[in-house]
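Numbering (full-length UniProt numbering), first residue to last: 1 to 801.
As structure tokens, the structure follows; a few thoughts come after it.
Here you go:
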């Protein structure tokens, strides 16, 4: 449901949003404002747009695609996305069913070409793609069409039709490719759910044919020749040319095949895995016949099979032409699981290169590293038709230009080193390191400025949590979800992290022993965890893998509460649960700080069911001075609940949140969906402009950055707030005048907060004039909050230089 923004007179708001996700506490700093109502157009409606205010540096590299969200199992194709005559790049990630689009643009300073992530073009592609998606031109119009999986293992095809400004649009042309069988019957061309076919001209007649393993057991290759009429053919008719093409059959062992017409087909079953294969045809030895590159599930190799037959159609393979040392024995393809190959120009020289990437559907069984898993083998051949001359050039194509922590990323923000700049932590689901699959926290220190943040990677194992876990490798240490929050109200950030040990999930915490404004001092030896409150069946703190915490003062009592996204079903309740901070009575007993207040907070539902994998965050995204709730779930859906504290028991949501420049509309998020997906959200005002950005951690191990789009300004403040006549001067202050005077028309108490929402100092005395000493405070923007005896509040920004 769409929620609108702002009616009535408009005025600039002097309130500041405070950030809550991962420990940046959002405080209600203004009086109650009229509740937002439905906006009608993108010009006035609030939403987000892909963009960033921060750079990321790893080693000596500034990441060109830092906030693209990572890659796990991409399938690559070429297409001109923006009708500029340059071949752009499309990637379909099998694990998350997410489409990625990269434009071919001029390099830095106009030198050469480079890939530029351009997510607005992702809307071109159907949102219900799954399993596989390849772009191939079936009607020779120069516009590649979309071949993809159809439910049940069939193949459906979308025709690429020129839309507005020549941009591609995909129109369903055939929902089920078929071929004739005996007695006039027709059968659907079924390849199964896990095979990846070769769609290319096999017999040299200019028409696209299809080569695939059989859908039953993937034991034999089947060739379907295009029988469509016309010089280029189409997709109207296919015939099965062979149901044992090449007379080759794979065996259980990754490098073993049976060859010959009289050979018995192997049984290719592998425990806990599919029998899926990927195939690609290339002339690898220059004899004019297409050879086979074969990748299979649960195997690291890409096997080369040279065609010794009389033609490609009459192909024949023998043991002498089979090799798993491709493209060379010295540097063979070796990916953790199920390599698939794609022949596209990746380095802008007009000659197609070989991209190899894993293509499994999830990593829950394999538990391998998904970092640096996309390999580029550059083709040094003289032209596009010459025999390929391949060598490994890049280990981590595109991935090396992104923040990528393997899988299941979750960001958290706060000042770690005490320099007044916001740093970043990123937890992950896990990564295979030295043979042990474990989670860790990446620490990125902000080495930029208050207005231009730059994150530099310091360590991929902050506090040595993963190294410590490796000492007991029989115990799992996975799904690490961090948050930074001041738990004990001492003005310093503490660390909370949700982590799964294979049996249960705990919300651990480490109290910071440094003072406010200093570099954090966290000792894992001092770690403890939040204890369940109440007996079983009464809504105790869940302990389910993937539990995701967010901290925010829900009831406005000055103590941070816990909002927990959970899949727990052992206790009655929904996906989002609200645990209230017990306040002063529990400050000396942090283990028992939180008690259940609402076991189905907001009654959040997705199509009538509880959304799974929910991760919440809170911030004043729309700039109305009131906290908003934002969630992302395991289906990749981002939901926004404006001013959630003033809503009823069932929160009203909005999902059309991401602005697309091509459509000039707000659209739902397109983060993908799949079997086991983990997303997370965080808010941070990294450039101190008073408008928090949204950061979404993805299943593919990256983080996507969105900027707020605010089409309106706020209505005038209520009369009661105006009556306080809050005045703060001098503003800004300077090192020469490190004191600010706060004056109000009636007696008020005064509190000063920094941008993390932490209390910097306060004067509880009810006075009309207060003097705030700012000596020693790091430069930045702060907020002065004045509160009268009747609870009326006014706020104003204060710049400290």
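Each residue gets a CB set at the ideal place from its N, CA and C atoms; glycine is no exception.
Given residue i, which residues of its chain have a CB within under 6 Å of its CB, disregarding the five upstream and five downstream residues?
i           : result
residue 788 : 746 and 748
residue 366 : 337
residue 441 : 425, 427, 462 and 482
residue 244 : 220
residue 791 : none
residue 78  : 87 and 344
residue 14  : At residue 14 the pLDDT is 29, less than 50, meaning the model places this residue with poor confidence and gives no usable figure here.
residue 542 : 566 and 568
residue 248 : 257, 259 and 317
residue 100 : 91
residue 217 : 275
residue 640 : 630, 654 and 657
residue 473 : 436
residue 606 : none
Might you give, ordered along the chain, the residues of its own chain that have their beta carbon closer than 8 Å to the beta carbon of residue i, omitting 5 neighbours on each side?
i           : result
residue 733 : 739, 740, 774, 798, 799, 800 and 801
residue 464 : 524
residue 144 : 77, 78, 79, 135, 136, 137 and 160
residue 648 : none
residue 515 : 490, 491 and 492
Since residue i is in the alpha helix (DSSP H), which residue starts that stretch and which ends it?
i           : result
residue 480 : Premise fails: residue 480 lies in the beta strand (DSSP E), 478-485, not in any alpha helix (DSSP H).
residue 466 : 465-469
Who are the near neighbours of residue i in its chain, counting only those whose CB is closer than 7 Å to its CB and skipping five residues on each side?
i           : result
residue 282 : 290, 291, 293, 343 and 388
residue 743 : 727, 768 and 769
residue 227 : 237, 238 and 239
residue 476 : 500, 501 and 502
residue 417 : 423, 445 and 519
residue 207 : 201, 226, 228, 232 and 233
residue 510 : 494, 495, 522, 523, 524, 526 and 527
Am I right that residue i and residue j are in contact with their C-beta atoms under 8 Å? What's the rounded C-beta distance?
i           : j           : result
residue 562 : residue 601 : In fact, because the Cβ distance is near 11 Å, the residues do not count as touching under 8 Å.
residue 707 : residue 123 : Incorrect: roughly 18 Å between the Cβ atoms, too far for contact.
residue 547 : residue 564 : 6 Å
residue 306 : residue 285 : 6 Å
residue 278 : residue 373 : Their Cβ separation, rounded to whole angstroms, is 15 Å, which puts residue 278 and residue 373 out of contact at 8 Å.
residue 235 : residue 177 : 6 Å
residue 371 : residue 431 : 6 Å
residue 576 : residue 604 : 5 Å
residue 754 : residue 782 : 6 Å
residue 103 : residue 83  : Their Cβ separation, rounded to whole angstroms, is 11 Å, which puts residue 103 and residue 83 out of contact at 8 Å.
residue 479 : residue 588 : Incorrect: roughly 30 Å between the Cβ atoms, too far for contact.
residue 634 : residue 678 : 7 Å
residue 378 : residue 400 : Actually they do not touch by this definition, with Cβ atoms about 15 Å apart.
Which first and last residues belong to the beta strand (DSSP E) in which residue i is found?
i           : result
residue 226 : 221-226
residue 170 : 168-174
residue 199 : 198-200
residue 210 : 209-213
residue 437 : 436-438
residue 762 : 759-773
residue 277 : 277-282
residue 834 : Because the chain spans 1 through 801 in this model, residue 834 falls outside it and cannot be assessed.
residue 427 : 423-427
residue 112 : Per DSSP, residue 112 belongs to no beta strand (DSSP E) and is neither H nor E.
residue 53  : Residue 53 -> no beta strand (DSSP E), and no H or E assigned at all.
residue 782 : 780-788
residue 496 : 494-500
residue 295 : 291-296
residue 462 : No beta strand (DSSP E) holds residue 462; DSSP gives it neither H nor E.
Is the segment 685-704 touching the segment 60-71 in the sense that three or more CB pairs, one from each, lie closer than 8 Å?
yes
Segment contact flag, the segment 490-500 with the segment 445-452, C-beta cutoff 8 Å, min 3 pairs
no
Do the segment 551-561 and the segment 513-529 make contact, defined as three or more Cβ pairs closer than 8 Å?
no
Along the chain, which unbroken stretches of the alpha helix (DSSP H) at least 4 residues long are found entirely within the segment 301-348?
none
Are the segment 352-367 and the segment 83-100 in contact at 8 Å, needing three or more beta carbon pairs?
yes
Identify every run of the beta strand (DSSP E) within the segment 644-679, keeping only runs that are complete inside it and at least 3 residues long; order them along the chain.
658-660 and 665-667
Taking 8 Å as the cut-off, does the segment 95-113 touch the segment 162-173 (at least 3 CB pairs, one atom from each stretch)?
no
Write down every uninterrupted run of the beta strand (DSSP E) in the segment 114-179 whose length is 3 residues or greater and which is fully enclosed by it, in chain order.
133-136, 145-150, 154-162 and 168-174
Which ranges does the beta strand (DSSP E) cover as unbroken runs of at least 3 residues, wholly within the segment 685-750, from first to last along the chain?
693-697, 703-709 and 727-729
Using 8 Å as the threshold, is the segment 683-691 in touch with the segment 394-407, meaning 3 or more CB pairs across them?
no
Inter-stretch contact (C-beta, 8 Å, three-pair minimum) for the segment 314-331 and the segment 45-63
no
At which residue ranges does the segment 335-409 contain complete beta strand (DSSP E) runs of 3 or more residues, listed in the order of the chain?
339-344, 353-358, 375-379 and 390-395
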